[in-house]
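Structure first, commentary second.
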Amino acid sequence: MAEYLALRSVRSMAVRVLLQPTTASLNIQRSAGGNAPASVPPGSIRTEADLPEITLPAVLYGMIFKGYYNRMHELQLYQKQLYGPMFRVNCGSLNTVCLSNVELLEELLRKDEKYPCRGDTSPWAEYREMKDLGYGPFTGEGEKWYKLRSVLNKRMLHPKDAMKYENAINEVVTDFIKRICHLRKMSSTGDLVPNMSNELYRFSLEGISRILFETRIGCLEDEIPEETQNFINSIAQMFTYTLYVSLLPKWTRNYLPFWQRYISGWDGIFRFACKLIDRKMEDIQMRQDAGQEVAGEYLSYLLSNSNMSKKDVYGSIAELLLAGVDTTSNTMMWALYLLSRHPKTQDTLYQEVASIMGTNGDKIPTAEDINSMHYLKAVIKETLRMYPVVPVNGRLLSGSDMVIGGHFFPKKTTFSTLHYVISHDETIFPEPRLFKPERWLRDGRKRPNPFGSIPFGFGVRGCVGRRIAELEMHLALARMIKLFEVKLDPSIGEVKAFNRVVLVADRPVNFHFLERKDVSN
Numbered sequence: 249m250a251e252y253l254a255l256r257s258v259r260s261m262a263v264r265v266l267l268q269p270t271t272a273s274l275n276i277q278r279s280a281g282g283n284a285p286a287s288v289p290p291g292s293i294r295t296e297a298d299l300p301e302i303t304l305p306a307v308l309y310g311m312i313f314k315g316y317y318n319r320m321h322e323l324q325l326y327q328k329q330l331y332g333p334m335f336r337v338n339c340g341s342l343n344t345v346c347l348s349n350v351e352l353l354e355e356l357l358r359k360d361e362k363y364p365c366r367g368d369t370s371p372w373a374e375y376r377e378m379k380d381l382g383y384g385p386f387t388g389e390g391e392k393w394y395k396l397r398s399v400l401n402k403r404m405l406h407p408k409d410a411m412k413y414e415n416a417i418n419e420v421v422t423d424f425i426k427r428i429c430h431l432r433k434m435s436s437t438g439d440l441v442p443n444m445s446n447e448l449y450r451f452s453l454e455g456i457s458r459i460l461f462e463t464r465i466g467c468l469e470d471e472i473p474e475e476t477q478n479f480i481n482s483i484a485q486m487f488t489y490t491l492y493v494s495l496l497p498k499w500t501r502n503y504l505p506f507w508q509r510y511i512s513g514w515d516g517i518f519r520f521a522c523k524l525i526d527r528k529m530e531d532i533q534m535r536q537d538a539g540q541e542v543a544g545e546y547l548s549y550l551l552s553n554s555n556m557s558k559k560d561v562y563g564s565i566a567e568l569l570l571a572g573v574d575t576t577s578n579t580m581m582w583a584l585y586l587l588s589r590h591p592k593t594q595d596t597l598y599q600e601v602a603s604i605m606g607t608n609g610d611k612i613p614t615a616e617d618i619n620s621m622h623y624l625k626a627v628i629k630e631t632l633r634m635y636p637v638v639p640v641n642g643r644l645l646s647g648s649d650m651v652i653g654g655h656f657f658p659k660k661t662t663f664s665t666l667h668y669v670i671s672h673d674e675t676i677f678p679e680p681r682l683f684k685p686e687r688w689l690r691d692g693r694k695r696p697n698p699f700g701s702i703p704f705g706f707g708v709r710g711c712v713g714r715r716i717a718e719l720e721m722h723l724a725l726a727r728m729i730k731l732f733e734v735k736l737d738p739s740i741g742e743v744k745a746f747n748r749v750v751l752v753a754d755r756p757v758n759f760h761f762l763e764r765k766d767v768s769n
């Protein structure tokens, strides 16, 4: 009852806050209709206090009463309309300046410090401190992070490094295609694959595990091993409750269940990752004791050829694993969904793939083949524009003060860059809600502002696994479109995105995979 009364009080406050917006927000709306200019004339520098502020009651009002629960990315579009391209959010432990304008984003990132700080990752960092675990490429900061990234970048970040994993990825893609064929035959129609998000998640986890751990973990088997399924559940649980523990004050942890569920999710992630790392370490030690050369891929390199501590290896591999799974699986699901809703676009893609790979069903594409598939790459880019895996990113001014958009910000200011909002700005992407891969083709047309869609980040803080994720998506999508025409199950209806820190489908999505008539299995 006490919790109910507290929530009712917060709701009442939220109504008052929304009905009485700050003077600054009214000025922005009046002067620019929610689209204030990114800069002001020299000599007119303002401060953070001049920005409109959104507090916890207003955020809860938007989530509960405006219907944006689980759709924070849509709430941010609404907030931009109300408060303009730059505003403050003061919400529980979250105190940040939000940027939803491409010029502001570019200005911030162009001024990146030597060791860019991602922003407030305190819930993730707090878990590592509690459990005495090392920091990885996402939670680490400063010079120590920079040295860690220098080690992790090797054998992964450069396109030529990614090509070394071509055979490993194709091995997993081949098994995934076999699983699709099996699921089709099991369906009543002979071509339906249910809950494709789950299948792609299994594929992505198997793929990144094959690269990071140099082993298969059974995700594509008919029955997933219990410990692998527990790991999958733990990832979903951790991401689900990250949002809650980020928004709510720490005192709520004694009264609400979110914190303990969040901790439990991380426990399951590290239990699984550490077990596989320990197994690889034992294997390497046995070979070294026997005087054998230690040859292998990514994890063998980290364990035998770098000075990384065991704690740092645990932290880094666990974080790379998380990034690799969600990036690939969610992007692939949205790509299939968009292609199924745009048959002409899917046919254009098929024609390109078939022209390079031929119509024989046995040929497996290589990384070199992918380099010639410009439309395929455009499809993935446009998918990531419409459904950026991580709709919000961050930066913390860790080294010095800075002026952004004509406003002075002191050291320790945190910025949230609203990538979903920016990538749906019609001034950058005309008809932003339309799926148009042609936007990205290098065919003489004017291409979008490169900062309009940066799903893998920017600069030295960019995603370390970007090239591998792209190669995995390209190889898998090329094979699937070559073999099958993909159609959405008519009973599914329109699929919308839920924000679970990453953007996921709001329901299980089923697809019909119709075998192409001119392709033989």
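According to this note's numbering, the sequence shown is numbered sequentially starting from 249.
In this text, a Cβ means the ideal position worked out from N, Cα and C, and glycines have one as well.
Note that the coordinates shown come from a computational prediction; the quantities given were computed from them, not determined experimentally.
- Counting along the chain, S588 sits inside no beta strand (DSSP E); it lies in the alpha helix (DSSP H) bounded by residues K558 to R589.
- When the alpha-carbon of I618 is set against those of Q327, R403, M411 and T476, the nearest one is in M411.
- Going by C-alpha positions, R633 is about 23 Å away from Y331.
- E469 carries a coil assignment under DSSP once its states are collapsed to helix, strand and coil.
- Contact between the segment 459–473 and the segment 725–740 is absent, with fewer than three C-beta pairs closer than 8 Å.
- Its chain contains T344, N641, G642, R643, L644, T662, F663 and S664 as the residues whose beta carbon lies nearer than 8 Å to that of G367, once the 5 sequence neighbours on both sides are disregarded; these appear in chain order.
- In the structure shown, K392 falls within a helical segment according to DSSP collapsed to helix, strand and coil.
- A contact is defined here as three or more CB-CB pairs under 8 Å, and the segment 376–388 fails this definition with respect to the segment 416–434.
- Look at the beta carbons and you see the segment 455–467 touching the segment 564–580: at least three pairs across the two are nearer than 8 Å.
- When the Cα atoms are used, R336 and L347 turn out to be separated by approximately 9 Å.
- Fewer than three pairs of CB atoms, one per stretch, sit closer than 8 Å, so the segment 440–448 makes no contact with the segment 487–506.
- Contact check between the segment 737–755 and the segment 670–681: fewer than three CB pairs, one atom from each, fall below 8 Å, which does not count as touching.
- In this structure, Y546 lies away from R450, with their beta-carbon atoms at least 8 Å apart.
- Looking at the DSSP output, F663 bridges to V345 and R643.
- If you draw a straight line from the Cα of S548 to the Cα of C365, it comes to about 29 Å.
- CA-CA distance, F683 to N446, rounds to 24 Å.
- Assignment of beta-bridge partners to A753 by DSSP yields A745.
- The beta carbons of Q329 and L666 sit no closer together than 8 Å.
- Looking at the DSSP output, L736 shares a beta bridge with F759.
- For V651, there is no enclosing alpha helix (DSSP H); the residue is part of the beta strand (DSSP E) that begins and ends at M650 to I652.
- The straight-line gap separating the alpha-carbon atoms of R715 and Y623 is approximately 17 Å.
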